[in-house]
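Asks: Residue numbers 0 to 165, in numbering that gives the first Met the number 0, belong to the letters of the sequence shown in order.
Ideal Cβ positions, reconstructed from N, Cα and C, are used throughout, including at glycine.
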Amino acid sequence: MPVTLPRHYADLTKFLGSAEAMRRFMNLWPPFLFAHIHIDEMSADFRRVRVTLHKRTVSSNYVGTLYGGSLFSMCDPFWMIMVLRNLGDDYVVWDKAGEIEFVSPGRKSVSTEFVLTDEALDELRAEVEIEGKALRWFENEVRDVDGTLVARVRKQVYVRRPRSVG
0 MPVTLPRHYA
10 DLTKFLGSAE
20 AMRRFMNLWP
30 PFLFAHIHID
40 EMSADFRRVR
50 VTLHKRTVSS
60 NYVGTLYGGS
70 LFSMCDPFWM
80 IMVLRNLGDD
90 YVVWDKAGEI
100 EFVSPGRKSV
110 STEFVLTDEA
120 LDELRAEVEI
130 EGKALRWFEN
140 EVRDVDGTLV
150 ARVRKQVYVR
160 RPRSVG
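1) Heavy atom of the ligand HEM less than 7 Å from the Cβ of residue 100, yes or no?
2) Work out the CA separation of residue 62 and residue 120 for me, nearest whole Å.
3) Would you tell me roughly how many angstroms separate the C-alpha atoms of residue 97 and residue 155, rounded to the nearest one?
4) When you compare the CB positions of residue 136 and residue 113, do they come within less than 8 Å of one another, or not?
5) Please look up how many angstroms separate the CB atoms of residue 144 and residue 70, rounded, as I've assumed it's under 8 Å.
6) In this structure, what does DSSP give as the bridge partners for residue 51?
7) One question on the structure: do residue 175 and residue 87 come within less than 8 Å of each other, judged by their Cβ atoms?
8) Quick check on residue 149: does DSSP put it in helix, strand or coil?
9) I need the straight-line Cα distance from residue 65 to residue 122, nearest angstrom please.
10) What three-state label does DSSP hand residue 65 in the structure shown?
11) Helix or strand or just coil, what does DSSP make of residue 57?
12) Just the C-alpha distance for residue 170 and residue 110, rounded to the nearest angstrom, thanks.
13) By the three-class DSSP mapping on this structure, what secondary structure does residue 22 have?
14) If you follow the beta strand (DSSP E) that residue 94 is in, where does it begin and where does it stop?
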């Protein structure tokens, strides 16, 4: 029986199933694979993710430090995925905005960790119930192997209930 590849998010979720399957799939995803971005850990409940950007020639810029686009890419999808997987089908979740502040040159491999709390999820649910939608900023610090702060990344996530079709 042939395997049907996913065409939509709901299909992708069913196709990937577990956090471990998603982690493995995303590690082979060309934008991560070719930038040397590696998801080291994704908890089964999608509440914690740890990501590393390995310093290689192809992940470096003109002056030999980590390419800023790769620094941002290593942080790009995770807050949205984590919120979406934890709120479930009763909510629509999108990335709304993102920004990065470069603090020091990335001369070594770097990593960051995402931790989604019950408090953040409760606040999102409450705001959606009151306002009809919610916008929330999440932040990450990207640090090198010595603990030096390389960048601060902020992502804004948009949440609302699905609109009825009719």
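Replies: Here's the rundown:
1) The ligand HEM is absent from the structure shown, which contains no ligands of any kind.
2) The residue you call residue 120 lines up with position 121 of the sequence shown. The residue you call residue 62 lines up with position 63 of the sequence shown. Roughly 41 Å between the two C-alpha positions.
3) Stepping through the sequence shown from its first residue, residue 97 is reached at position 98. Stepping through the sequence shown from its first residue, residue 155 is reached at position 156. If you take the alpha carbons of residue 97 and residue 155, they lie about 6 Å apart.
4) Against the sequence shown, residue 136 aligns to sequence position 137. Against the sequence shown, residue 113 aligns to sequence position 114. Not closer than 8 Å, so no.
5) On the sequence shown, position 145 is the one that residue 144 refers to. On the sequence shown, position 71 is the one that residue 70 refers to. 15 Å between Cβ atoms; not a contact.
6) Here residue 51 corresponds to residue number 52 of the sequence shown, with the count starting at 1. 37 and 110, per the DSSP bridge assignment.
7) Lying outside 0 to 165, the shown extent of the chain, residue 175 is not represented and no answer is given.
8) Working through the sequence shown from its first residue, we reach residue 149 at position 150. Three-state DSSP puts residue 149 in a strand.
9) Along the sequence shown, read from residue 1 onward, the residue named residue 65 stands at position 66. Along the sequence shown, read from residue 1 onward, the residue named residue 122 stands at position 123. Between residue 65 and residue 122, the C-alpha separation is close to 35 Å.
10) Residue 65 sits at position 66 when you count from the first residue of the sequence shown. Here residue 65 sits in strand by DSSP.
11) Residue numbering aside, residue 57 sits at position 58 when the sequence shown is read from its first letter. Residue 57: helix per DSSP, three-state reduction.
12) Limits of the chain in this structure are 0 at one end and 165 at the other, which puts residue 170 out of reach.
13) Taking the first residue of the sequence shown as 1, we reach residue 22 at position 23. In this structure, residue 22 counts as helix in the three-state DSSP scheme.
14) Position 95 of the sequence shown, counted from the first residue, corresponds to residue 94. Start and end: 91 to 101.
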